[in-house]
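If you use the numbering used here, the sequence shown closes out at 562, no skipped numbers anywhere. Cβ atoms here follow ideal geometry from the backbone N, Cα and C, with glycine treated the same way.
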Amino acid sequence: MAKVALTRILPDAGMALLKEAEAAGEIELDIWPGDLPPDREALVALLHGCDGAIVLVTDPIGAELLDAEPQIRVLSQFAVGYDNIDLTAATARGVAVCNTPGVLTETTADLAWALLMASARRVVEGADYVRAGKWQTWGPTLLMGADVHHATLGIVGFGRIGKEVAKRGRGFDMRILAFDTMPDEQAAADLGIELVDLETLLRESDFVSLHCALTAETRHLIDADALALMKPTAILINAARGPVVDTDALVNALQTGAIAGAGLDVTDPEPIPADHPLVGLQNVVIVPHIASASIATRGKMAEMAAQNLLAVLRGERPAHIVNPEVLS
Ligand code: GLV
């Protein structure tokens with residue numbers, strides 16, 4: 235019987251599939267019970283002897299761990315991004331790495347859009363103001379923000395999620411620029427989007443929204459030099475991965491007025507401590523990495539992660555595998 239580790243309890247739709255397979259005597263589940271991720275030692279212990287695991291963005295899996303557990307056949311990631319897994323090491327050891335693309339695209343774009351709107355129109359500052367009992371009158375200059383409609387939106391990473399954000403921008407009559415190292419020219423033409431280089435995008439956008447994967451090339455893509463190119467009125471949105479932005483440079487840019495604000499679903503470090511200088515800034519809205527967290531989408535992701543895992547263990551081709559070469 236295959237041993238399967240889960241590093242967190244998943245939404246019901248995924249748990250039901252796994253419990254069914256367990257009841258059928260197909261797998262044996264070992265579930266980390268905590269609300270917080272297992273620490274290194276607990277992760278090593280949890281993965282010991284398992285044939286497959288469903289893992290999260292909070293579970294770093296490197297070559298050392300895979301070498302210690304050579305029987306592992308599949309790592310099924312409960313996310314579309316899988317930068318917590320050393321893919322090269324997994325592939326070299328024949329471990330299938332699966333993920334959950336597609337189902338979270340629009341949900342993630344919605345949250346990026348919520349951050350953009352909230353940052354532009356100072357929604358969180360306004361809510362805090364009311365809650366603090368400061369609202370005394372209608373003010374002619376009270377909490378003035380930036381218009382979203384007819385502004386210029388710059389999308390860094392014109393993949394599935396970037397395109398959905400572009401569609402939302404179309405609804406707001408925005409001029410839309412996009413940068414991607416492998417640009418989809420047809421999609422750009424269909425959506426009326428200008429494909430530009432990163433420098434042009436940073437210089438001309440009122441909103442810069444990040445939607446690229448975290449790789450060696452995109453780590454600190456938005457550094458002090460990039461931030462210096464942005465307009466002092468511009469707002470940065472990050473619903474990709476925290477390390478795409480150099481946090482110290484961002485704090486500096488926000489403190490000195492090099493840019494006007496930021497809306498962040500992801501941070502570096504993550505979680506970001508409450509006493510971090512970024513958290514204390516008025517012109518920043520931070521939410522705790524919840525872009526895919528709609529009830530429906532998290533259910534679909536759990537189902538997909540379970541299906542991917544079970545498929546590999548059954549010797550079938552999983553619907554979503556990032557290193558299919560290990561199957562042959
Ligand atoms: C979440 O961050 C994901 O990559 O799905």
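Legend entry - Same chain, Cβ closer than 6 Å to residue 504, five either side skipped, listed in chain order: Here residue 504 corresponds to residue number 270 of the sequence shown, with the count starting at 1. Closer than 6 Å at the Cβ level, and outside the excluded window around residue 504, lie 476.
Legend entry - Distance, residue 408 Cα to residue 468 Cα: Within the sequence shown, residue 468 is the residue found at index 234, counting from 1. Within the sequence shown, residue 408 is the residue found at index 174, counting from 1. Taking the Cα positions, residue 468 is about 14 Å away from residue 408.
Inset, instruction - Could you spell out where the alpha helix (DSSP H) holding residue 537 opens and where it closes? - result: Counted from its first residue, the sequence shown places residue 537 at position 303. Annotation: the continuous alpha helix (DSSP H) that includes residue 537 extends over 529-547.
Inset, instruction - For the stretch 255-264 and the stretch 504-523, state whether three or more C-beta atom pairs, one from each stretch, are separated by less than 8 Å. - result: Counting C-beta pairs closer than 8 Å gives fewer than three between the stretch 255-264 and the stretch 504-523, which falls short of the contact rule.
Inset, instruction - Indicate whether the contact test is met: 3 or more Cβ pairs, each with one atom in the stretch 548-557 and one in the stretch 358-371, closer than 8 Å. - result: No: fewer than three Cβ pairs fall under 8 Å.
Legend entry - Pick from 314, 507 and 342 that is closest to residue 332, judged by C-alpha positions: For the purposes of this step, residue 332 is taken as the residue at position 98 of the sequence shown. Nearest C-alpha to residue 332: 314.
Inset, instruction - Return yes when the C-beta of residue 314 is under 7 Å from any heavy atom of the ligand GLV, and no when it is not. - result: Along the sequence shown, read from residue 1 onward, the residue named residue 314 stands at position 80. Within the cutoff, so yes.
Legend entry - CA-to-CA distance, residue 374 to residue 311, given in whole angstroms: Taking the sequence shown and counting its residues from 1, one reaches residue 311 at position 77. Taking the sequence shown and counting its residues from 1, one reaches residue 374 at position 140. Straight through space, the alpha carbons of residue 374 and residue 311 are spaced by roughly 50 Å.
Legend entry - residue 296 versus residue 308: straight-line alpha-carbon distance, rounded: As a first step, residue 296 must be located in the sequence shown, where it is residue number 62. As a first step, residue 308 must be located in the sequence shown, where it is residue number 74. Straight-line measurement puts the Cα of residue 308 at about 14 Å from the Cα of residue 296.
Legend entry - Through-space distance from residue 259 to residue 458, alpha-carbon basis: Numbered from its first residue, the sequence shown carries residue 458 at position 224. Numbered from its first residue, the sequence shown carries residue 259 at position 25. Using only the alpha carbons, I get a separation of about 55 Å.
Legend entry - beta-carbon residue 291 near the ligand GLV non-hydrogen atom, thresh 7 Å: In the sequence shown, counting from the first residue as 1, residue 291 sits at position 57. Yes, the Cβ of residue 291 comes within 7 Å of a heavy atom of the ligand GLV.
Inset, instruction - Can you grab the Cα-Cα spacing for the pair residue 267 / residue 339, in whole Å? - result: Position 33 of the sequence shown, counting from 1, holds the residue named residue 267. Position 105 of the sequence shown, counting from 1, holds the residue named residue 339. About 29 Å.
Inset, instruction - Write down the C-beta distance between residue 498 and residue 485 rounded to the nearest angstrom, noting that I regard them as a contact closer than 8 Å. - result: Locating residue 498 in the sequence shown gives position 264, counting from the first residue. Locating residue 485 in the sequence shown gives position 251, counting from the first residue. Rounded, the Cβ-Cβ distance is 12 Å, inconsistent with contact.
Inset, instruction - Examine the ligand GLV and report whether any of its heavy atoms sits within less than 7 Å of the Cβ of residue 526. - result: Translated into the one-based positions of the sequence shown, residue 526 becomes position 292. Residue 526 Cβ: within cutoff of the ligand GLV.
Legend entry - Coil, strand or helix - residue 472 by DSSP: Along the sequence shown, read from residue 1 onward, the residue named residue 472 stands at position 238. The three-state reading of DSSP puts residue 472 in strand, counting E and B together.
Legend entry - Any non-hydrogen atom of the ligand GLV closer than 7 Å to residue 282 Cβ: As a first step, residue 282 must be located in the sequence shown, where it is residue number 48. No, the ligand GLV has no heavy atom inside 7 Å of this Cβ.
Legend entry - Beta-carbon contacts of residue 401 that lie in its chain and below 8 Å, excluding the five residues immediately before and after: Numbered from 1 along the sequence shown, position 167 holds the residue referred to as residue 401. Contacts found: 343 and 425.
Legend entry - Between the CA atoms of residue 330 and residue 547 - distance to the nearest angstrom: Against the sequence shown, residue 547 aligns to sequence position 313. Against the sequence shown, residue 330 aligns to sequence position 96. Their backbone Cα atoms lie some 10 Å apart in a straight line.
Legend entry - Per DSSP, cross-strand counterpart(s) of residue 443: Taking the first residue of the sequence shown as 1, we reach residue 443 at position 209. Paired residue(s): 389 and 471.
Inset, instruction - Tell me, to the nearest whole angstrom, how far the beta carbon of residue 445 is from that of residue 396; I am working on the premise that it is less than 8 Å. - result: Taking the sequence shown and counting its residues from 1, one reaches residue 445 at position 211. Taking the sequence shown and counting its residues from 1, one reaches residue 396 at position 162. Residue 445 to residue 396, Cβ: 4 Å. Contact.
Inset, instruction - Return the bridge partner residues of residue 429 from the DSSP annotation. - result: What you label residue 429 is simply residue 195 of the sequence shown in a count that begins at 1. Beta-bridge partners of residue 429 (DSSP): 412.
Inset, instruction - Could you spell out the range, first to last residue, of the alpha helix (DSSP H) harbouring residue 357? - result: Position 123 of the sequence shown, counting from 1, holds the residue named residue 357. Run containing residue 357: 357-365, per the alpha helix (DSSP H) assignment.
Inset, instruction - Confirm the yes/no value for this check: CB of residue 384, any heavy atom of the ligand GLV, distance under 7 Å. - result: As a first step, residue 384 must be located in the sequence shown, where it is residue number 150. No.
Legend entry - residue 350: CB within 7 Å of a non-hydrogen atom of the ligand GLV: By 1-based counting over the sequence shown, the position of residue 350 is 116. The nearest non-hydrogen atom of the ligand GLV is 7 Å or more from the C-beta of residue 350.
Legend entry - Burial state of residue 443 (16 or more Cβ within 10 Å): Mapped onto the sequence shown, residue 443 falls at position 209. Counting of Cβ neighbours within 10 angstroms places residue 443 among the buried residues, the total reaching 16 or more.
Inset, instruction - Within its chain, find whatever has a CB closer than 7 Å to the CB of residue 406; leave out the 5 residues flanking it on each side and keep chain order. - result: Locating residue 406 in the sequence shown gives position 172, counting from the first residue. Excluding sequence positions up to five before and after residue 406, its CB lies within less than 7 Å of the CB of 382 and 383, all in the same chain and listed in chain order.
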